[in-house]
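Our numbering puts the first residue of the sequence shown at -18, with every later residue one more than the last.
C-beta atoms are modelled at their ideal positions from N, C-alpha and C, and glycine is treated no differently.
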Amino acid sequence: IELTTLDELILKYGLPQYCKIDIEGFELKALKGLNHAIPMVSFEFTQPFKAEAIRCIERLILLGNYSFNYYSYEKLRFENKNWMNKKEMINTLKNMDDIDQYFDFQNVYGEFLEYLKVENDSIKKFNKFPIKPTIIIRE
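1. Could you check where the alpha helix (DSSP H) with Ile(-18) kicks off and where it finishes?
2. Below 8 angstroms, can you find three or more Cβ-Cβ pairs linking the segment 55 to 69 to the segment 0 to 16?
3. I'd like to check one pair, Ile(-18) with Pro(-3): are the Cβ atoms closer than 8 angstroms?
4. Alpha carbon to alpha carbon, what distance is there between Leu(-13) and Cys37?
5. Under the DSSP definition of a beta bridge, which residues are partnered with Phe49?
6. State the Cα-Cα distance for the pair Ile2 and Ser23, rounded to the nearest angstrom.
7. Am I right that Phe49 and Gly91 are in contact with their C-beta atoms under 8 angstroms? What's the rounded C-beta distance?
8. Would you kindly check if the distance between the Cβ of Gln87 and the Cβ of Phe26 is under 8 angstroms?
9. For Asn46 and Leu(-10), I'd like the C-alpha separation in whole angstroms.
10. Short of 8 angstroms in beta carbon distance, which residues of its chain neighbour Asn61, apart from the five on each side in sequence? Order them along the chain.
11. Taking the beta strand (DSSP E) that Glu25 falls in, what are its first and last residues?
12. Are the Cβ atoms of Val89 and Ala34 separated by less than 8 angstroms?
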């Protein structure tokens, strides 16, 4: 199996508008290969990987000013009406009931706030890469 990093994929294909990372507990390793903020990133986690999800949030914050939300596969809708900052999202994860029936699979979404402020879908002021189609990384 050939491995690559998100940075290498961005250099080859351009910056995606959205990147979904679903690689069964290796999401943080994938994010460590990313050094550019992506407008929207999501990653999956389950109860055994809650601490890893928190580390993924911390990694995204190193790349830029992200806000966060999450949803459960059981409900298929965002759990919070408003997007949360890093501290609020981490506290939400820490306070989730370990036996919550909706906690089987969760997806955390990170939205790069600076991207939302730029007009005409251009991110030239803070990234040299043109926006390209979505990257989806799956196991």
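Taking the definition as stated:
1. Translated into the one-based positions of the sequence shown, residue -18 becomes position 1. Looking at the DSSP string, Ile(-18) is not in any alpha helix (DSSP H), and its letter there is neither H nor E.
2. No, they do not touch.
3. Taking the first residue of the sequence shown as position 1, residue -3 is located at position 16. Taking the first residue of the sequence shown as position 1, residue -18 is located at position 1. No; because the gap between Cβ atoms is not below 8 angstroms, this pair is not in contact.
4. For the purposes of this step, residue 37 is taken as the residue at position 56 of the sequence shown. For the purposes of this step, residue -13 is taken as the residue at position 6 of the sequence shown. Cα atoms of Cys37 and Leu(-13): separation of roughly 14 angstroms, rounded to the nearest angstrom.
5. For the purposes of this step, residue 49 is identified with residue 68 of the sequence shown, where counting begins at 1. Per DSSP, Met65 and Gly91.
6. Along the sequence shown, one-based indexing puts residue 2 at 21. Along the sequence shown, one-based indexing puts residue 23 at 42. Here the alpha carbon of Ile2 sits roughly 6 angstroms from the alpha carbon of Ser23.
7. The residue you call residue 49 lines up with position 68 of the sequence shown. The residue you call residue 91 lines up with position 110 of the sequence shown. Correct: roughly 5 angstroms between the Cβ atoms.
8. Here the question's residue 26 lines up with position 45 in the sequence shown. Here the question's residue 87 lines up with position 106 in the sequence shown. For Phe26 and Gln87, yes; Cβs fall inside 8 angstroms.
9. In the sequence shown, counting from the first residue as 1, residue 46 sits at position 65. In the sequence shown, counting from the first residue as 1, residue -10 sits at position 9. Answer to the nearest angstrom: the Cα atoms are 22 angstroms apart.
10. Here residue 61 refers to the residue found at position 80 of the sequence shown. So the qualifying residues of the chain are Asn50, Tyr51 and Thr73.
11. Sequence index remark: in the sequence shown, residue 25 carries index 44 (1-based). For Glu25, the uninterrupted beta strand (DSSP E) run begins and ends at Met21 to Phe26, by DSSP.
12. Reading the sequence shown from its first residue, position 108 is the one you call residue 89. Reading the sequence shown from its first residue, position 53 is the one you call residue 34. The beta carbons of Val89 and Ala34 sit closer together than 8 angstroms.
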